[in-house]
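Colleague:
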Amino acid sequence: MLCPPNTVTLFQKLNTLKLIFPQFLTIIQQPHHSIHTLPQQDQQPRPSHSSSDQNVATKTTSTCTKLIHSSILTGSLFPGNLAHANIIKLFLQPSLILHNTLLLMYGKVGDLSSVHNLFDEMPQRNVVSYNSLISGYSRMGFYDKALNAFCESRVEGFMLDEYTYAGVLGVCGCICDVKLGKTVHGLVIVSGLDGMVFVINSLIDMYSKCGWIDQARLLFETSAANVDDVSWNSLISGYVRLGGYNEVFKLVMRMHWSGFMFSTFTLGTVLKACCVHNLNCFGKMLHGYMVKHGLDLDVVVGTALLDMYAKTGSLTDAIRIFMCFPYRNDVMYNAMISRFLQMQTISSEYGQEALHLFCQMRSQGLKSSKFTFSSILKACIAVENFEIGKQIHAQICKNNLQSNEFIGTSLVDMYSFFGSMDDGLRCFNSTSKLDIVSWTSMIAGYVQNGQLENALSLFHQLLACGRKPDEFIISSVMSACAEMVAARSGEQIQSYALKSGVADVTIVQNSQICMYAKSGDIDSAQLTFQETKNPDVVSWSVMICSYAQHGFANEALRLFKLMTASRIQPNHITFLGILTACSHGGLIEEGLRYLDIMKNDYGITANVKHSACIVDLLGRAGRLQDAHNFIFDSGFEDDPVIWRALLGACRVHKDTVMGKHVAKRVIELEPHAAASYVLLYNIYDDAGNEKPASEVRKLMQDRGVKKEPGISWIEVGNKVHTFLVDDRSHEMSHLIYSRLEEMLVKINKINFNNEKLLLDISEAQLSGTIGMNHHSEKLAVTFGIISLPTSAPVRVMKNLRVCSDCHTTMKLISKVERREIILRDTIRFHHFKEGFCSCKDYW
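Adding 5 to a residue's 1-based position in the sequence shown gives its number in the working numbering.
1) Out of L109, D846, G370 and F637, which one is the CA nearest neighbour of G591?
2) Give a yes or no on contact between the region 614-632 and the region 647-665, applying the rule of three or more CB pairs nearer than 8 Å.
3) Assign E839 to buried or exposed, taking buried as 16 or more other Cβ atoms, counted over all protein chains shown, within 10 Å of its Cβ.
4) Using a Cβ-Cβ cutoff of less than 7 Å, which residues in the same chain neighbour K277 once the five nearest sequence positions on both sides are dropped?
5) Comparing alpha-carbon positions, which option in Q357, I412 and A340 lies nearest K375?
6) Apply the 10 Å Cβ neighbour rule to K438 and answer buried if 16 or more other Cβ atoms are within range, or exposed otherwise.
7) Please report the straight-line C-alpha distance between C808 and C842, rounded to a whole angstrom.
8) Helix, strand or coil for F464, going by three-state DSSP, please let me know.
9) Please tell me whether M127 and S134 are closer than 8 Å, where the distance is taken between their beta carbons.
10) Output the distance between the C-alpha atoms of T774 and S352, rounded to the nearest integer angstrom.
11) Any contact between the region 415-424 and the region 438-454? By contact I mean 3 or more CB pairs, one from each, below 8 Å.
12) Since V894 contacts L360 with CB under 8 Å, what's their CB separation in whole angstroms?
13) Assess contact between the region 791-807 and the region 512-519, defined as three or more Cβ pairs (one per stretch) separated by less than 8 Å. Is contact present?
14) From the DSSP output, read off the bridge partner residues of F834.
15) So, V193 versus V204, is the Cβ gap smaller than 8 Å?
16) I'd like the list of long-range same chain contacts for I441, defined as Cβ closer than 6 Å, with 5 residues on each side in sequence excluded.
17) Can you have a look at T377 and say buried or exposed, based on whether 16 or more other CB atoms are within 10 angstroms of its CB?
18) Taking the Cβ atom as the reference point for each residue, do S849 and G172 lie within a distance shorter than 8 Å?
19) Does the region 497-509 come close enough to the region 741-753 that 3 or more CB-CB pairs lie under 8 Å?
20) May I ask you to list the residues that DSSP assigns as paired with W718?
21) Where does F841 fall in DSSP's three states?
22) Apply the 10 Å Cβ neighbour rule to Q574 and answer buried if 16 or more other Cβ atoms are within range, or exposed otherwise.
23) State buried or exposed for G693, treating a residue as buried only when at least 16 other CB atoms are found within 10 Å of its CB.
24) Buried or exposed: G776, going by 16 or more other Cβ atoms within 10 Å of its Cβ?
25) Taking F265 as the reference, which of G288, C286, M483 and H298 has the closest Cα?
26) Going by beta carbon distance, what residues of the same chain come within less than 8 Å of T271, once the five residues before and after it are set aside?
27) Taking all protein chains shown into account, do 16 or more other C-beta atoms lie within 10 angstroms of the C-beta of P540, making it buried, or fewer, making it exposed?
28) Spatial neighbours of V189 within its chain, please: C-beta separation below 7 Å, excluding the five flanking residues on both sides.
29) Do L805 and E713 have their CB atoms nearer than 8 Å?
30) Report the three-state DSSP secondary structure of D606 (helix, strand or coil).
31) When you compare only the Cα positions, how much space is there between V306 and M313?
32) In terms of residue numbering, what span does the alpha helix (DSSP H) encompassing W237 cover?
33) If you drop the 5 nearest sequence neighbours on each side, which residues of the same chain put their C-beta closer than 6 Å to that of D830?
34) Measure the alpha-carbon distance for S546 versus Y689 and round it to whole angstroms.
35) Less than 8 Å between the C-beta atoms of A881 and S717, yes or no?
36) With a threshold of 16 other CB atoms inside 10 Å of the CB of M164, please say whether the residue is buried or exposed.
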């Protein structure tokens, strides 16, 4: 007959116990009457508790006590439960000591209900009972119950000892209630226990955790005769907790001079201070001390050393320490993996090393924790390997950790990086406890992948849940508004940030600058930058790039000089803005000079975007051959972006020979990109070469390359209105076309010579007989003129580059209507006012 599975498990555990406590099973397997024997009729009556029975009961009690102590030491409840069950089964009357030991055990393993039941049923209690109860409640986090037990012990009139006061002082430190802690301190003095080092240490720890480090220091100094190494460690850890690192190092030196040996706790705490304070030299001194006293191979100290070297930039030394350990546990592996992945920029090499360590860890049978998986997912992003990431996800599910908030957030980050937002959303929804970091990752993922409406929708869900978004979520949502060019929504987010008290946070203000700049409101962007209290490199870079995109080259260069004068180190984004400003402003010599400054003075290697700016700078100035040579010198001759910049310059200067050569190269690199074909077509069409132009059009048709339709949009009120070429789907289309024809007639009557507007517009264009008069941006601008107040600028966005005809028409409309028109295309912003454009026709 087979036993039930739970019985088999119990037998296995009993066999284990038999190896540890063989005498215990011998006792409990005896019949019940072996302890309490009833008198037989043929025997003389005898006392129910003979001396042999008492010996057996004593042995049983001793064995049960050992089992209970085993539970206390190992944290396993099974031996203690078995002992308690047999005490009940054998009708033993446990002593007060045994009761207290059981109470301590249940408090140690966190069994709250058993603590309650046992304490209520105890026939007798003493101060040790209450000490066990207070420590158990404190360990389980029930601080109110611990304080109630302390008050009850005083009401019962027990003579409280140092352990009672140490327990309640620990509770005061955990809840940071210094007022109550001072009251207990007074009781300690009244009880005459203030001279005991155990109580002094508890008081120092309590004051330190409550932030009263000066009071802790005063107590330490006035009790100098009674302090031990625990006293020193408590005070040192208090200073580390509060950031008083200079005092930490002074105390460590005093402790050493006083003849105290550094424990692993001391060394671990001080090394942590070295990480934060970046005092690598002091950490190396401690490392020498550890080697001298044989502490360098301790796992706790070794992990702290590894952490210290990695965080202070000495990753090589951290690797050496890791390699010195012959037997590495999961803590060492986790620490090393996390160090590889917590650098400011995680390189692919570091990601590979982290994955290699993870494989070693798995091959040695070491268990991976939630922190391991959370870190290793970052490595998958660093090496850009989606398949490994999915395999790690499978391991996470196998270990049933997919609902953990740390891992859930890392999974969302990983799937967002690889553009799989549906999988990211599933991971987000499967996370059991969604914290603010999880919401931030999901919203940022949507913004990163261009799903801007989903980002705003999720933000509204967050608000509907009653959760308060932090500055990172506000920044991400404002970035979404910037990409959507939804200034109205951005202003609402700004108002919410102001109401929430995070509007002055630098990261929020940076996104606000970007939002206003991308929406065409450069004045509001500039005002936000001026109101930023602590602008960082991102703040300066965003503002410089904004000036460059709006065509204010001199303002961008002026701001760069202020930035360097403020001792803010520029980065590659800053120089991209500077080079773009020089390109749009036609500042050739300045652009080449800043390229040299970037390379020589700041050691920043030019990337393809920097190089494309230089090609555009030279090309716009007519130095096409110099731009062509620069491409081969830059090392990016296989990148289509840089060739497309030269192709645009060929169109501006109508160089069909080089344009054909460059277009051929671009089409080879990107055979299905429509922009290259369109540029080549325009080059031939502008030069009047109809046959080559038609051949380009036919080539596009044969290869199935379709030109992206031109779309323009404008935000009026709370709605975004979109227009296509010859679009008549708008509800106000009749009024729009009528007003557009009126403006074109006004333009046709302008005396160009008197107004000094040297424009090149044909009579056919002005009379409206060709389709370009109904381009999408003209319709959008007309709708804005109709719908917006005369004092409000008309801001229109377009997904393609504005054509020369529309650019000229916008200048004239701004003149005849006396309206400011701001038009953004794929290249830059154009500010039209009084018949002139901010680009000065250099675009």
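Note that the Cβ used here is the ideal one computed from N, Cα and C, for glycine as well.
Modeller: In short:
1) D846
2) yes
3) exposed
4) V245 and A309
5) I412
6) exposed
7) 14 Å
8) helix
9) yes
10) With a pLDDT of only 39 at T774, under 50, the local geometry of the prediction cannot be trusted, and the value read off the model is given with reservation. If you take the alpha carbons of T774 and S352, they lie about 58 Å apart.
11) yes
12) Because the chain in this structure spans residues 6 to 848, residue 894 falls outside the shown range and cannot be described.
13) no
14) R829
15) yes
16) D475
17) buried
18) For the chain, the structure presents residues 6 to 848; residue 849 sits outside this window and is missing.
19) no
20) T727 and M802
21) strand
22) exposed
23) exposed
24) Legend: pLDDT at G776 = 47, less than 50; position of this residue unreliable, value from coordinates given subsequently. Classification of G776: exposed, given that the 10 Å Cβ count is below 16.
25) H298
26) D234, W237, N238, I241, V257 and M260
27) buried
28) Y170, V173, L174 and C177
29) yes
30) coil
31) 10 Å
32) D234 to L247
33) K803, R806 and V807
34) 39 Å
35) The structure shown does not extend to residue 881, since the chain spans only 6 to 848, so no value can be given for it.
36) exposed
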